[in-house]
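Right, one structure below, let's go through it.
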Amino acid sequence: MNMNMKIRGCCCAAAREAVPGLNSEKLCIEEKDLESEENMMKLYERWMKHYGIFRIDPKEKNRRFKKFAKTVNLVHNHNKQPGISYTLKVGIFADTDEKIC
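Structural data, given as structure tokens:
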């Protein structure tokens, strides 16, 4: 599965409704969130809270944070391109390496 399909596929309303207690509000990502690793970690913490995700093991959290940061940058770089026909969003699977389908 290509990365664009993976990111777009995890953001649909049906996925939010399928998970009890999942926040249906939009997670806002601002330019300042991308300016430093510290800001990106704060965004990651907000993202985890938004989706009700808890990472207890520090090594696992750090590994997933790195994947999350790559995903956020991929989404940001895609969405800022002029003339794109669709936009991407950072969804519930943003810190995973797993294939969705």
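Using the working numbering, the first residue of the sequence shown is number 1, and each one after it goes up by one. Quick reminder that beta carbons are idealized off the backbone N, C-alpha and C, glycines included. Computed from a prediction, not measured in an experiment: that's the story for all the values here.
- Our two residues, LYS26 and HIS76, have alpha carbons roughly 15 Å apart in a direct line.
- When secondary structure is reduced to three states using DSSP, LEU34 falls in the helix class.
- Nearest Cα to LYS89 within the set GLU38, ASP97, HIS78: HIS78.
- Comparing alpha-carbon positions, the option among SER85, ASP33, GLY83, ASN73 lying closest to ALA94 turns out to be ASN73.
- The continuous alpha helix (DSSP H) containing PHE65 extends over residues 58-79.
- With a contact defined as Cβ atoms closer than 8 Å, ASN39 and LYS49 miss out at about 16 Å.
- For the 9 Å CB-CB criterion, ILE53 and ILE92 form a contact.
- The beta carbon of ASN62 sits closer than 7 Å to no other beta carbon from its chain once the five residues preceding and following it are set aside.
- Selection LEU43, PRO58, GLY83 evaluated against TYR51 yields LEU43 as nearest (Cα-Cα).
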